[in-house]
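Numbering (our numbering) for the sequence shown: 2 to 303. Glycine included, each C-beta is placed from N, C-alpha and C at the ideal position. To start, the structure itself, in structure tokens.
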Amino acid sequence: MDRLDELAILVAILDSGSLAGAGRQLRRSRPAVTRALAGLEERVGARLIARSTRRLTPTDAGRELAASARRMLADYETALRGVSAAPLRGLLRVTAPLVFGRRHVTPIVTEFLDLHPEIQVELVLADRNLDMIEEDLHAAIRIGPLPDSRLVVRRVGEVRHLLVAAPAYLERSAPLRRPADLAGHDTIASAATGQGPVWHFGGPGRGARIAITPRFIVNEIESILIAARAGRGLARPLSYQAADDLAAGTLVRLLPEFEPAPLPVQLVVPSGQHLAPKVRAFLDHAAQRFAQLAVIQPERGA
Numbered sequence: 002m003d004r005l006d007e008l009a010i011l012v013a014i015l016d017s018g019s020l021a022g023a024g025r026q027l028r029r030s031r032p033a034v035t036r037a038l039a040g041l042e043e044r045v046g047a048r049l050i051a052r053s054t055r056r057l058t059p060t061d062a063g064r065e066l067a068a069s070a071r072r073m074l075a076d077y078e079t080a081l082r083g084v085s086a087a088p089l090r091g092l093l094r095v096t097a098p099l100v101f102g103r104r105h106v107t108p109i110v111t112e113f114l115d116l117h118p119e120i121q122v123e124l125v126l127a128d129r130n131l132d133m134i135e136e137d138l139h140a141a142i143r144i145g146p147l148p149d150s151r152l153v154v155r156r157v158g159e160v161r162h163l164l165v166a167a168p169a170y171l172e173r174s175a176p177l178r179r180p181a182d183l184a185g186h187d188t189i190a191s192a193a194t195g196q197g198p199v200w201h202f203g204g205p206g207r208g209a210r211i212a213i214t215p216r217f218i219v220n221e222i223e224s225i226l227i228a229a230r231a232g233r234g235l236a237r238p239l240s241y242q243a244a245d246d247l248a249a250g251t252l253v254r255l256l257p258e259f260e261p262a263p264l265p266v267q268l269v270v271p272s273g274q275h276l277a278p279k280v281r282a283f284l285d286h287a288a289q290r291f292a293q294l295a296v297i298q299p300e301r302g303a
């Protein structure tokens, strides 16, 4: 436990008159307060609070330490206010998926730069999850499950894998009523995400795994969308990637009732590290902007 926390607990015990009261004030359990007090007394080498069945009374050592603690805690709060009032400055390193970063994170970063003229941001766009510790990254935007337990997560939205095609393709192709009907269709697969040769679907029952034989395989989403618009077959982009085409009618969403579960969009930072003011400010700014980003907000009724 932080040594300042121990001093804050001592002051809270004396101010509230009880261990339970200190716990409520500091949002700690009573056993945690008891352990902290015992640890502090052991470090000091003296009893700090005399306990009776009716009340807690500070000893001379406890009264003297509490007075010093109040001064130290006040100085600490003053120092924090001074830092938080100062302009944010320095380098901030952020990573995000390539397309999502280009379309949606870059505008957030440029707005953040406008708000904080002394901040410099290095935005690293990559479709693989970079190791935040090894790469010295302060924050990341991640899509999908996070196997790395060393990350602190703030969920800001979700996206889905959609099945889409151009109206021209649908006019000349066989009807598509369920995932099994894909056997009679041309498909466009992503080599980068490993979507082919099996596409996963949700829906009634336990979902389905459909083997495909794609006519076109490419490792970049914009090329997939270009081919889909041209009527070359069915494609499987993420919802934010296809949002503009769906709105314009150049692509049509198919079998929505069979879509797999959504993938979380998350802001993450390495765990076990104190958040610098510039990092905390960026996370708050990004979370606020993501909350306004319609393409990653849950669908009504979904």
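| Query | Result |
| --- | --- |
| For ALA51, which residues does DSSP report across the bridge? | THR58 |
| Count Cβ pairs between the region 248 to 268 and the region 119 to 135 that sit closer than 8 Å; are there 3 or more? | no |
| Verify whether the separation of the beta carbon atoms of ASP187 and ARG230 is less than 9 Å. | no |
| So if DSSP puts ALA236 in a beta bridge, which residue, or which two residues, is it bridged to? | VAL165 |
| Is the distance from the Cβ of GLU136 to the Cβ of ARG94 below 9 Å? | yes |
| Pairing CB atoms from the region 67 to 75 with CB atoms from the region 100 to 107, are three or more of them under 8 Å? | no |
| Got a sec, what are the start and stop residues for the beta strand (DSSP E) HIS159 sits in? | Inspection of the sequence shows that residue 159 is occupied by Glu rather than by His. Unbroken beta strand (DSSP E) run through GLU159: 152 to 160. |
| Enumerate, from N- to C-terminal direction, the unbroken alpha helix (DSSP H) stretches of 4 or more residues contained entirely within the region 115 to 150. | none |
| Would you call ALA287 buried or exposed, if buried means 16 or more other Cβ atoms sit within 10 Å of its Cβ? | buried |
| What distance in whole Å lies between the Cβ atoms of LEU264 and VAL270, which are believed to be in contact at a cut-off of 8 Å? | The pair is not a contact, with the Cβ atoms about 20 Å apart (cut-off 8 Å). |
| Suppose the cutoff is 6 Å on Cβ atoms and the five residues either side in sequence are ignored; what does the same chain contact list for ILE109 look like? | ALA287 and ARG290 |
| Where are the beta strand (DSSP E) runs, 3 residues long or more, that stay fully inside the region 247 to 279, in chain order? | 253 to 255 and 264 to 271 |
| Check whether the Cβ atoms of ILE297 and VAL266 lie closer than 9 Å to each other. | yes |
| Rounded to the nearest angstrom, what separates LEU20 and ILE14 at their Cα positions? | 6 Å |
| Residues in the same chain with beta-carbon distance under 6 Å from LEU138, minus the five sequence neighbours each way, listed in chain order, please. | ARG94 and THR96 |
| Does DSSP classify ALA231 as helix, strand or coil? | coil |
| Is ALA192 helix, strand or coil when you go by DSSP? | coil |
| What are the partner residues of ARG179, as DSSP defines its beta bridges? | BP columns for ARG179 are empty, so no partner. |
| Use the C-beta contact count for GLN242: other C-beta atoms within 10 angstroms, 16 or more gives buried, fewer gives exposed. | buried |
| In angstroms, rounded to a whole number, what distance separates the CA positions of ALA23 and ARG155? | 29 Å |
| Whole-angstrom Cβ separation of GLU119 and ARG90, contact assumed at under 8 Å? | 4 Å |
| Bridge partners for HIS286 per DSSP, in chain order? | Its beta-bridge partners do not exist; DSSP assigns none. |
| Would a C-beta distance cut-off of 9 Å place SER174 and GLY158 closer than the cut-off? | no |
| Between ILE144 and ALA167, what straight-line distance do the alpha-carbon atoms span, to the nearest angstrom? | 26 Å |
| May I have the straight-line CA-CA distance separating GLY357 from SER272, to the nearest angstrom? | Nothing can be reported for residue 357: it is not among the residues displayed for the chain, which extend from 2 to 303. |
| Pull up the distance between the alpha-carbon of ASP246 and that of GLY204, whole angstroms please. | 24 Å |
| Between GLY185 and chain C, is there a C-beta pair that is closer than 9 Å? | Checking the listed chains, one finds no chain C in this structure; it contains a single protein chain. |
| Are there 16 or more other CB atoms within 10 angstroms of the CB of TYR77, so buried, or fewer, so exposed? | exposed |
| Name the two residues that bound the continuous beta strand (DSSP E) containing VAL96. | A quick correction: the sequence has Thr, not Val, at residue 96. Element bounds for THR96: 91 to 97. |
| Among PRO148, TYR170 and THR107, whose alpha-carbon lies nearest the alpha-carbon of ILE189? | TYR170 |
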